[in-house]
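Chemist: The structure's right below; bear with me while I get my questions together.
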Amino acid sequence: MRSRREVQRHEAAGKELLDCMWVYVYKFDKHGWFTKCKARLVVRGDQQTKSSHEDTYASTLAGRSFRTLMAIAARFDLELIQYDVVNAFVNAELKQDVYMRMPGGYRKPGLILKLQKALYGLRQSPLLWQKELTTTLANLGFKPVPHEPCCLLKDGIMIFFYVDDLIVAYDKRNQDMVHWMIDKLRERYKLSGGETLQWFLGIEVIRDRSQRLIWLSQASFVDKIINHFKVQGGKDPPTPMTTRELFPNEERASATSIQQYQRKTGSVLYLAVITRPDIAFAVSRLCRFNMNPSQDHHEALIHLLRYLRHTRALALQLGGTDTFDVYSDASFADNTIDRKSSQAYVMKLFGGTIGWRANKQDTVTTSTTEAELLALAQAAKESMFISRLIKELGVTLGNSRITIQCDNAQTIRLINADVALLQTKLRHVDIHNHWLRQEALADRILVRHTPTTDMIADGLTKALPAQQFQKFVRQVGLVDINDRIQERRFKELTAEDFVRAEELLDGGGTE
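In our numbering, the protein residues as written are 867 to 1377.
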């Protein structure tokens, strides 16, 4: 079935008639060489009214879920194969009547287009495609993972996807079944790829299968933003943020200043939530000034970009042990503006960091113990979610009870003691305390003491001095893999790439 058909204009009488537009994109290969220009006709979904379409929310693979899947693949030495569904959205059928004007240069008097497929640009297209793909996989015997709708399982084979990017993870013993499944998908969709996973959403995946390790790197993305924002000169700082306090801007920033600042924080935020927990605290603090940045805030952001420039090759290492470890910490009343506390957690699966968060608490607490309790509650809830996800993925951990490390003895006593009373007038803190005690008594969590020097989450609650920060980087599992990246780049170069480079040099180009 075609994605559209011509109909008489009067058929759309009283109904929405949407415009369309051409979207042009330059395509580059993995080495940054230009390969082609791409044009795609899209419908103006921004012209749709709320009443003209159904639910439009489509799930996307969460970063923590992707890291969890990569940690599992590293631990059990799973095969990782990537596919791309070509023109994915137009495989999904439209259930509503949607009409579109013909593009300029192709218009015919009295005729318009009626869409039959979920054309790119429609608000409901992502959801329709997700339903189409999951239904197809369900018909092949795959079952969705309850806590991750973008992942499906069948007999030890995992398929997870982000829109039209599919990754198949499986043991070599299941290779025949995987080939059968891919053949079935090819009968319905046009697939490209089929090679070993190396890139996913701009994340480079590097493996050492002999050691059962996987590294997730965003070095190329760091290079991209450094060049885009023209970060030049200056010393390379050893930490992403100085220990100097940042205060709100007392004046009003210009629209240009705000826009430039938000573009930079948006770029570094993507790094902070995907592969770079070392900058999570700095990014969290800098994002608080998004609406009215001062010159000090801009300089602090440039400081962070310079740190990224010389640590571009730091990658998140996954694999190495057999445990699931959780760390929780809080920095009491460290925000001098409102005296709210900073809190953080770090989760490590099979030796690799799969989850972390650095944020400010929503309420002012009156003691370190109260701040630690709120941080523990956040860590416990998130770790319980990840624990359930791990089980749903068919992985059994050695201990069903989640162990959470905390460096505050009073907080641990309140949770683990047979009879313990928290003296607080903050009702919500008391509720969190009782909930944590309930989970501990039910043997679902165990809170243990760890020295502050070994508290990994400490680096997500405050700006650390250089020596302590370097220890934090090692603890969180960030490793410099510049040699591995360069080795892969060299192996991937072809004779054509060398010819291009020679032509560029002969022409005197610098790009």
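The beta-carbon is built from N, C-alpha and C at its ideal position, and this holds for glycine as well.
Keep in mind it's a predicted model, so treat the numbers as computed, not measured.
Helix, strand or coil for Q1064, going by three-state DSSP, please let me know.
Modeler: Three-state result, Q1064: coil.
Chemist: Skipping 5 residues on each side, what residues in its chain have a beta carbon closer than 7 Å to that of K1038?
Modeler: Once the five neighbours on either side are set aside, the close Cβ partners of K1038 are E945.
Chemist: My output table needs one value for K1101: the three-state DSSP class, helix, strand or coil.
Modeler: K1101: coil per DSSP, three-state reduction.
Chemist: Comparing alpha-carbon positions, which option in R1151, Y965 and L988 lies nearest K881?
Modeler: It is Y965 whose Cα lies nearest to the Cα of K881.
Chemist: Helix, strand or coil, according to DSSP, for R1129 in the structure here?
Modeler: Three-state result, R1129: helix.
Chemist: How is L883 classed by DSSP in three states: helix, strand or coil?
Modeler: Strand at L883.
Chemist: Closest to G1022 by CA distance: which of G1264, G1007 and C1016 is it?
Modeler: Nearest C-alpha to G1022: G1007.
Chemist: Using only the heavy atoms of the ligand FAD, determine whether one of them is closer than 7 Å to the beta carbon of Y965.
Modeler: The ligand FAD is absent from the structure shown, which contains no ligands of any kind.
Chemist: Taking C-alpha atoms, which residue in R1223, V1313 and L1240 lies nearest to T1229?
Modeler: Selected option, being the one with the closest Cα: L1240.
Chemist: So the candidates are R1172, N1158, F1147 and A1283; which of them puts its Cα closest to the Cα of Q1209?
Modeler: Closest by alpha carbon: F1147.
Chemist: Reducing DSSP to helix, strand and coil, say where M1250 ends up.
Modeler: Residue state, collapsed to three classes: helix.
Chemist: Taking the alpha-carbon positions, what's the L986 to I947 distance?
Modeler: The sequence shown places Tyr at residue 986, rather than the Leu named in the question. Going by the C-alpha atoms only, they are around 26 Å apart.
Chemist: How many angstroms separate the CA atom of N957 from the CA atom of E1258?
Modeler: Distance between the alpha carbons of N957 and E1258 is about 29 Å.
Chemist: Measure how close the beta-carbons of K1009 and K1020 come, nearest whole angstrom, since I'm counting them as under 8 Å.
Modeler: Confirmed, Cβ separation roughly 7 Å.
Chemist: Below 8 Å, how does it come out for the region 1085–1102 and the region 1184–1204: are there three or more Cβ pairs, yes or no?
Modeler: Contact between the region 1085–1102 and the region 1184–1204 is absent, because fewer than three Cβ pairs lie under 8 Å.
Chemist: Check this for me: beta carbons of L1018 and K983, under 8 Å apart or not?
Modeler: No, the Cβ-Cβ distance between L1018 and K983 is not below 8 Å.
Chemist: Just reading off the beta strand (DSSP E) that M1024 is part of, what are its end residues?
Modeler: Note, M1024: beta strand (DSSP E), I1023 to Y1028.
Chemist: Report the start-end ranges of each beta strand (DSSP E) in the region 1225–1285 that is 3 residues or longer and not cut off at the edges.
Modeler: If we require 3 residues or more, the beta strand (DSSP E) runs fully inside the region 1225–1285 come out as 1268–1272.
Chemist: Please specify which runs of the beta strand (DSSP E), each continuous and at least 3 residues long, are wholly inside the region 1167–1233, giving them in chain order.
Modeler: Complete beta strand (DSSP E) runs here, min 3: 1180–1184, 1190–1197, 1208–1215 and 1218–1226.
Chemist: I1140 by DSSP, collapsed to three states: which one?
Modeler: Helix, per DSSP.
Chemist: Out of L1184, P975 and D1144, which has the shortest C-alpha to C-alpha gap to R1073?
Modeler: Nearest of L1184, P975 and D1144 to R1073, Cα basis: L1184.
Chemist: Can you tell me which of V1071, R1205, F1113 and L1255 puts its alpha carbon nearest to the alpha carbon of D1140?
Modeler: Note on identity: in this sequence residue 1140 is Ile, with Asp being the wrong assignment. The candidate whose alpha carbon is nearest that of I1140 is V1071.
Chemist: Going by other Cβ atoms of all chains shown within 10 Å of its Cβ, with 16 needed for buried, is Q1077 buried or exposed?
Modeler: Exposed, by the Cβ-count rule.
Chemist: Just curious, the beta strand (DSSP E) that Y1073 is in, first and last residue?
Modeler: According to the sequence shown, residue 1073 is Arg rather than Tyr. Taken as a continuous stretch (DSSP letters only), the beta strand (DSSP E) holding R1073 covers I1069 to D1074.
Chemist: What residue from A1004, R1110 and L999 has the CA that sits closest to K1056's CA?
Modeler: Comparing Cα-Cα distances from K1056 to each of A1004, R1110 and L999, the minimum goes to L999.
Chemist: How about the region 1164–1174 and the region 1098–1116: do they share at least three Cβ pairs that are nearer than 8 Å?
Modeler: Flag = yes, the region 1164–1174 and the region 1098–1116 touch.
Chemist: Nearest CA to the CA of L1067: which residue from Y1211, Q962, T926 and G1221?
Modeler: Minimum Cα distance to L1067 is reached at T926.
Chemist: Taking the beta carbon of M1047 as the centre, do at least 16 other beta carbons fall within 10 Å, making it buried, or is it exposed?
Modeler: By the neighbour-count rule (16 or more Cβ atoms within 10 Å), M1047 is buried.
Chemist: Going straight from the alpha carbon of E1368 to that of F900, what length do you get?
Modeler: Those two C-alpha atoms are separated by around 15 Å.
Chemist: Compute the Euclidean distance between the alpha carbons of V908 and V951, then round it to the nearest angstrom.
Modeler: If I take the Cα positions, the gap works out to 17 Å.
Chemist: Tell me whether R871 sits in a helix, a strand or coil according to DSSP, three-state version.
Modeler: R871 falls in the strand class under three-state DSSP.
Chemist: Closest by CA to D1089, which one among E1358, L1180 and T1262?
Modeler: Of the candidates E1358, L1180 and T1262, the one whose C-alpha sits nearest the C-alpha of D1089 is L1180.
Chemist: Does DSSP put P992 in a helix, in a strand, or in coil?
Modeler: If DSSP states are grouped into helix, strand and coil, P992 belongs with the helices.
Chemist: For H1315, count neighbouring Cβ atoms within 10 angstroms of its own Cβ and tell me buried if that reaches 16, exposed if not.
Modeler: By the 10 Å Cβ count, H1315 comes out exposed.
Chemist: In whole angstroms, give me the CA-to-CA distance for R1054 and D1309.
Modeler: Cα to Cα, the separation comes out at about 48 Å.
Chemist: Could you work out which residue in G1343, V1365 and A1332 is closest to D1102 when comparing CA atoms only?
Modeler: Measuring from the Cα of D1102, the nearest candidate turns out to be A1332.
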